[in-house]
Amino acid sequence: MALPILLDCDPGHDDAIAIVLALASPELDVKAITSSAGNQTPRKNLTQCSAYADLA
1 MALPILLDCD PGHDDAIAIV LALASPELDV KAITSSAGNQ TPRKNLTQCS
51 AYADLA
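Residues in the sequence shown are numbered from 1 upward in steps of one, following full-length UniProt numbering.
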């Protein structure tokens, strides 16, 4: 059974890899991804998170 998780990150380079790997893992069930603005605007973070999710 896959482990349900919530990812909380800023979608920078390192977290992008974490998002894609988590979404592709059969051992994890990603229920949600939340992000903080960090160095980018909330809109850009949403766009980046959506793009990463499409890769998985």
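No residue lacks a Cβ here, since even glycine has one placed at the ideal position from N, Cα and C.
Since residue i contacts residue j with CB under 8 Å, what's their CB separation in whole angstroms?
{"i": "residue 30", "j": "residue 52", "result": "Going by Cβ atoms, the distance from residue 30 to residue 52 rounds to 11 Å, so no, they are not a contact pair."}
{"i": "residue 3", "j": "residue 28", "result": "6 Å"}
Give me, in chain order, the residues of the same chain whose beta-carbon lies closer than 6 Å to that of residue i; leave out the 5 immediate sequence neighbours on both sides.
{"i": "residue 11", "result": "35, 45, 48 and 49"}
{"i": "residue 38", "result": "10"}
So, is residue i buried or exposed, given that buried needs 16 or more other C-beta atoms within 10 angstroms?
{"i": "residue 17", "result": "exposed"}
{"i": "residue 14", "result": "exposed"}
With distances taken between CB atoms, is the gap from residue i to residue j smaller than 7 Å?
{"i": "residue 32", "j": "residue 6", "result": "yes"}
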